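According to our numbering, the sequence shown is numbered sequentially starting from 14. Ideal Cβ placement from N, Cα and C applies to all residues, glycine included. Predicted, not measured: the structure shown is a model, and the values here were computed from it. Worksheet for the structure shown next.
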Amino acid sequence: MSQFSYNLPLCRTSAKPIEIYGKSGKVGVVKGFYENVFTKFLDKISSECGRYLTYELRDSENNVRIISKDARGFTRKKAFVTYIDHNQVEHEIVMRETECFDIDEKITFIYKNKEYLISKRLFEPAQLVVDGDVIADCNVQFMNRAYNVKMNIYNYAYLQEHYLVLGLFHAALS
14 MSQFSYNLPL
24 CRTSAKPIEI
34 YGKSGKVGVV
44 KGFYENVFTK
54 FLDKISSECG
64 RYLTYELRDS
74 ENNVRIISKD
84 ARGFTRKKAF
94 VTYIDHNQVE
104 HEIVMRETEC
114 FDIDEKITFI
124 YKNKEYLISK
134 RLFEPAQLVV
144 DGDVIADCNV
154 QFMNRAYNVK
164 MNIYNYAYLQ
174 EHYLVLGLFH
184 AALS
């Protein structure tokens with residue numbers, strides 16, 4: 014098992030860099046940015062904080078590994094995620110919420126011809142599942158005026174792609 018953690022500010026419209034830590038120290042940074050002043054203005058007056066933010070996840074060597082854009086409609090969550098793997102190959106992933114008016118969240122996407130599910134039940138950690146196996150989980154807790162995010166990867170086959178797992182959970186739970 015491998016564990017990663019970071020703290021999210023209460024205000025999701027913040028564009029300050031957020032450092033991500035693993036067992037060996039700092040492994041990356043998540044930073045939100047607006048594509049233009051108009052989208053920043055819309056976010057400030059909107060009731061949905063952070064809807065127009067684009068997130069970038071960079072590794073410890075400052076290489077972009079994930080770019081995530083929110084594209085939700087009026088009823089369902091949707092996000093476009095670009096993942097740049099360790100071979101510098103870009104993968105386009107579309108994450109979609111499967112049920113719109115449910116307490117539990119279920120978000121599906123396809124990566125390398127496999128269907129994945131991020132399932133978030135009320136008061137339980139979110140789980141990343143493929144072929145019925147839990148690959149990773151992510152727990153978000155409110156502590157000291159911020160959200161503390163802890164992510165565990167259980168499947169060693171996905172340790173090479175921990176930036177993908179981090180980025181997918183961040184996109185799904187933001």
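With which residues is residue i paired in a DSSP beta bridge?
i, result
"Q16", "N165"
"N152", "K163"
"H239", "Residue 239 lies beyond the range of the chain shown here (14 to 187); nothing can be said about it."
"Y129", "F122, V143"
"K82", "T67, F93"
"L21", "Y160"
"E110", "I120"
Need the endpoints of the alpha helix (DSSP H) that residue i sits in, please.
i, result
"I58", "50-58"
Return helix, strand or coil for residue i, following the three-state DSSP convention.
i, result
"L70", "strand"
"A28", "coil"
"Y34", "strand"
Out of the options, point me to the one whose CA is closest to residue i's CA.
i, options, result
"S18", "K29, Y34, P30, A28", "Y34"
"Q16", "P22, A28, L23, G38", "G38"
"D146", "E174, S132, E118", "S132"
"V50", "N157, V40, Y65", "Y65"
"E103", "N76, D83, L21", "N76"
"P22", "K53, N100, G180, K44", "K44"
"N100", "M14, E174, V178", "E174"
"E9", "K125, I120, K90, E112", "Because residue 9 is not part of the residues shown, which for the chain are 14 to 187, the question remains open."
"E48", "T67, V40, S59, K36", "T67"
"I123", "E112, F136, A92", "A92"
For residue i, which residues in the same chain have their Cβ closer than 6 Å to its Cβ, ignoring the five residues on either side in sequence?
i, result
"I80", "E69, T95"
"R78", "L70, D72, I97, Y176"
"I148", "L141, N168, Y171"
"V42", "P30, E32, R71"
"Y160", "L21, V153"
"R134", "D117"
"V143", "K127, Y129"
Check for me: the beta strand (DSSP E) holding residue i runs from which residue to which?
i, result
"A184", "Counting along the chain, A184 falls outside any beta strand (DSSP E), though it belongs to the alpha helix (DSSP H) covering 175-186."
"G45", "38-46"
Residues in the same chain with beta-carbon distance under 7 Å from residue i, minus the five sequence neighbours each way, listed in chain order, please.
i, result
"P138", "D150, C151, N152"
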